[in-house]
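See below for the structure under consideration.
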Amino acid sequence: MRWDNLTAPPVEGVPERAAPATPPLPLALPGATVRTFDTPDFAGMTFYEVRAKSIINRVPGASRVPFEWTINPYRGCTHACVYCLGGDTPILMADGRTRQIQDLDIGDRIYGTERRGAYRRYVVTTVLAKWSTVKPAYRVRLADGTTLVASGDHRFLSDRGWKYVTGAMQGREQRPYLTTNNRLIGTGRFVDGPKDSPDYRKGYLCGMVRGDANLASYHYATGSVHRFRLALADEEALSRSERYLAEAGIHTTRFDFTPASAHRRAISAIRTSRLAHVEAITELICWPADPTEDWRRGFLAGIFDAEGSCSRGVFRISNSDAEILDHVRRSLTHFGFRSVLESPRPTSGVQNVRLTGGLAERLRFFHLTDPAITRKRSLEGAALKHQSRLQVTAIEPLGLEMPLWDITTGTGDFIANGVVSHNCFARNTHTYLDLDAGADFDRKVIVKVNAGELVRRELAAPRWRGAHVAMGTNVDCYQRAEGRYQLMPQIIAALRDFANPFSILTKGTLILRDLPLLRQAAEVTRVGVSYSVGFVDERLWRAVEPGTPSPRRRLDAVRALSDAGFPVGVLLAPILPGLTDNDESIDATVAAIAAAGATSVTPLALHLRPGAREWYARWLDREFPHLVPRYRELYGAGSYAPQTYQRELTARVRIAARRHGLLGGERGDNRNRPEPPPRPAGEQLTLL
Numbered sequence: 020m021r022w023d024n025l026t027a028p029p030v031e032g033v034p035e036r037a038a039p040a041t042p043p044l045p046l047a048l049p050g051a052t053v054r055t056f057d058t059p060d061f062a063g064m065t066f067y068e069v070r071a072k073s074i075i076n077r078v079p080g081a082s083r084v085p086f087e088w089t090i091n092p093y094r095g096c097t098h099a100c101v102y103c104l105g106g107d108t109p110i111l112m113a114d115g116r117t118r119q120i121q122d123l124d125i126g127d128r129i130y131g132t133e134r135r136g137a138y139r140r141y142v143v144t145t146v147l148a149k150w151s152t153v154k155p156a157y158r159v160r161l162a163d164g165t166t167l168v169a170s171g172d173h174r175f176l177s178d179r180g181w182k183y184v185t186g187a188m189q190g191r192e193q194r195p196y197l198t199t200n201n202r203l204i205g206t207g208r209f210v211d212g213p214k215d216s217p218d219y220r221k222g223y224l225c226g227m228v229r230g231d232a233n234l235a236s237y238h239y240a241t242g243s244v245h246r247f248r249l250a251l252a253d254e255e256a257l258s259r260s261e262r263y264l265a266e267a268g269i270h271t272t273r274f275d276f277t278p279a280s281a282h283r284r285a286i287s288a289i290r291t292s293r294l295a296h297v298e299a300i301t302e303l304i305c306w307p308a309d310p311t312e313d314w315r316r317g318f319l320a321g322i323f324d325a326e327g328s329c330s331r332g333v334f335r336i337s338n339s340d341a342e343i344l345d346h347v348r349r350s351l352t353h354f355g356f357r358s359v360l361e362s363p364r365p366t367s368g369v370q371n372v373r374l375t376g377g378l379a380e381r382l383r384f385f386h387l388t389d390p391a392i393t394r395k396r397s398l399e400g401a402a403l404k405h406q407s408r409l410q411v412t413a414i415e416p417l418g419l420e421m422p423l424w425d426i427t428t429g430t431g432d433f434i435a436n437g438v439v440s441h442n443c444f445a446r447n448t449h450t451y452l453d454l455d456a457g458a459d460f461d462r463k464v465i466v467k468v469n470a471g472e473l474v475r476r477e478l479a480a481p482r483w484r485g486a487h488v489a490m491g492t493n494v495d496c497y498q499r500a501e502g503r504y505q506l507m508p509q510i511i512a513a514l515r516d517f518a519n520p521f522s523i524l525t526k527g528t529l530i531l532r533d534l535p536l537l538r539q540a541a542e543v544t545r546v547g548v549s550y551s552v553g554f555v556d557e558r559l560w561r562a563v564e565p566g567t568p569s570p571r572r573r574l575d576a577v578r579a580l581s582d583a584g585f586p587v588g589v590l591l592a593p594i595l596p597g598l599t600d601n602d603e604s605i606d607a608t609v610a611a612i613a614a615a616g617a618t619s620v621t622p623l624a625l626h627l628r629p630g631a632r633e634w635y636a637r638w639l640d641r642e643f644p645h646l647v648p649r650y651r652e653l654y655g656a657g658s659y660a661p662q663t664y665q666r667e668l669t670a671r672v673r674i675a676a677r678r679h680g681l682l683g684g685e686r687g688d689n690r691n692r693p694e695p696p697p698r699p700a701g702e703q704l705t706l707l
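Just so you know, we're using the numbering used here here: the sequence shown kicks off at 20 and counts up by one.
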């Protein structure tokens, strides 16, 4: 996303007192109780009280963060989420196939993206939530024929960053929006997969048997021996071949061919020695005089499963039989693929048919033919690039409201009909600004009013094994709403009663209310507490984080928790480039953290997600316009500051920590020291 192409909706004033109202109930929350409060603290805010079905949630991508389970009694910004796509929009699954968005299930593994180095790359992620609503629909047309039906609020990734389907240059609807000058990022529209027809099955068996099986009759003086054997390390292809043969009346026997070793996978096989079966297979794999499209799709899938590879972006089908290679090339040409026949290997005579055209053509091949072996279809780590044929050619209102679907994923995006689509993700406004900054963003909070009883019930379940639970990693559990709803005492009491280890990350001082409960829990299990304090400049705090407790009050809370025997780690976060990353600010903040009794300090640089990025860019341009070029340099390539900048920050904070006696959490006495909460290593802190 480009820093210099960002706009944000204007910030409207919030009245000091908001009269109670009854907003319309979101379709995603049937049965919720809607409340507004006529108090200055909650002016302009709406609370949706729900009885949740579950509360202890598994963290997606847990291998990348040092905790697996989390509890979030509140969910902020959820109803600002955009509802995006028509229900029949194909979504790219982790196995390389596609499924319509309306047919996805929570827990499904699909492809999202993340930036690695200079490129955004495909990564496997998980569907965390899914729902639908009815909204006015728009059709986005691309030059290659791709069409996408979405709401006007949905965002796609273009060559100029994330853009909404519709928007305006000024006024309330001011935001980055798609125009016909934009090109979307991805491969373009997905083709339909093959039908499971008799011709497809014949074609698949032809490619598989000719490519990798032993089919022969041997004649000896004592008689004849007939043999069919197919041995494969990939169960998917072997099972498909076994099933297709059985549907043709040919029943085979399964056996272990080669056991696994330190360097090779186990190989299983199917076989038959009946003459009738060998003759039937021989007839099945005959070259057809006039191949149908279904046969060609099946043949390409079978020969790829048998003799194909796709590694480091190079797609090849290998064989030494000139007739097989000729059929491969003719079938590829029939579907419009371009290929190159490489020179034969001197010793074996094996030649490669190499598919050209890059990732888009490889993906088209997989969808068109549907090979069985999913490991060969992996796109993990492949780079996405924009292409001229994905230029937006039209954005058309359909003139009707229709059901539209949205999902939440672990990466914050997904691949919809070949282009990168922004998912409905709870923005971090509420995590770090306690619901009160960026008033032009949404001010709606879901409150899981039955959180306490749910925690107790789920901790008592036989399948629960007492794993560590992290709180405050997504939405601050001690935001101001907690003062009214008081959900945390029930949660902590349940964790205490089951002696279940847990940790809390917060900016809220309301945690001190629950200090007696935390002490009781620490007597029976490991309890960790971390605070976030990015700087001590009160003037800057009022400008950037006006809804949070002041840095002074947070440090007072650190001192109180430390005096109570808790080793409190402090995240020096977010460090704001050009504002709080100078030596004076770092030294003053680290000194204050040390004086408050913290046991460690961890620097985290500012991270600007889409949505937060627009708000921050507008604020920076208004308050500190001279810093805009610096931010363009640091964040022009994405949400994260460069690694060199992060390493420099870490080094300078470590120097200050040594100077003030903060080294690795080893200072102070050895009073009751609960385990500190885990944190994502190397992550930058999101401002919003």
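Here a beta-carbon is modelled for each residue, glycine too, at the ideal position from N, C-alpha and C.
Contact annotation: the stretch 554-571 touches the stretch 589-606, with at least three C-beta pairs closer than 8 Å.
Scanning the stretch 557-630 for uninterrupted beta strand (DSSP E) segments of 3 residues or longer gives 588-594, 619-626, listed from N- to C-terminal end. Annotation: the continuous alpha helix (DSSP H) that includes THR663 extends over 662-678. In summary, PRO278 is exposed, with fewer than 16 beta-carbon neighbours lying within 10 Å of its beta-carbon over all protein chains present. Under DSSP, ASP211 takes part in no beta bridge, so it has no partner. In the structure shown, the three-state DSSP call for PRO648 is helix. The alpha-carbon separation between GLU415 and ARG134 amounts to approximately 31 Å.
A straight-line Cα-Cα distance of about 25 Å links ASP309 and ARG259. For TYR239, the uninterrupted beta strand (DSSP E) segment begins and ends at 232-239. Contact between TYR130 and ILE434 is confirmed by a C-beta separation of about 5 Å, below the 8 Å threshold. In the assembly as shown, TRP306 is an exposed residue. Its beta-carbon has fewer than 16 other beta-carbons within 10 Å. A Cβ-Cβ separation of about 6 Å places VAL439 in contact with ASP432 under the 8 Å criterion. Distance from the Cα of PRO422 is smallest, within the candidate group LEU234, THR108, ASN469, for THR108.
For GLN509, the uninterrupted alpha helix (DSSP H) run begins and ends at 507-516, by DSSP. DSSP lists LEU590 as the bridge partner or partners of SER551. For ARG357, there is no enclosing beta strand (DSSP E), as DSSP marks it with neither H nor E.
Bridge partners of LEU303 according to DSSP: none are assigned. Residue burial is scored here from C-beta neighbours: THR412 has fewer than 16 other C-beta atoms within 10 angstroms and is therefore classed as exposed. One alpha carbon belongs to GLY321, the other to GLU87, and they sit about 40 Å apart.
Counting only runs that start and end inside the stretch 296-346, the beta strand (DSSP E) elements of at least 3 residues fall at 327-330, 333-338.
Under DSSP, the beta-bridge partners assigned to LEU249 are ALA232, ILE289. Contact check for VAL548 against GLY588 passes: the beta carbons are separated by less than 9 Å.
By the Cβ test, the stretch 632-642 is not in contact with the stretch 568-583, since fewer than three Cβ pairs between them sit closer than 8 Å. Here the C-alpha atom of ILE612 lies approximately 31 Å from the C-alpha atom of ALA513. PHE643 sits in coil when the DSSP states are folded into three classes, being neither helix nor strand.
For ILE523 and ALA285, the gap between their C-alpha atoms comes out near 46 Å.
Judged by DSSP in its simplified three-state form, ILE120 adopts helix.
Taking a contact to require three or more Cβ pairs closer than 8 Å, the stretch 197-215 and the stretch 235-247 do not qualify as touching.
By alpha-carbon distance to SER619, the top candidate from PHE585, GLU652, LEU595, LEU627 is PHE585. Here the C-alpha atom of ASP114 lies approximately 11 Å from the C-alpha atom of ASP127.
In the DSSP assignment, PRO109 falls outside any alpha helix (DSSP H) and lies within the beta strand (DSSP E) extending over 109-111. In this structure, the straight-line span from the alpha carbon of THR144 to that of THR366 is close to 43 Å. Secondary structure of GLY105 (DSSP, three-state): strand. When the beta-carbon positions are compared, ALA137 and ALA656 come within less than 9 Å of each other.
When the Cα atoms are used, ASP606 and LEU591 turn out to be separated by approximately 11 Å. The distance from the Cβ of ARG158 to that of LEU417 is about 6 Å, consistent with a contact at the 8 Å cut-off.
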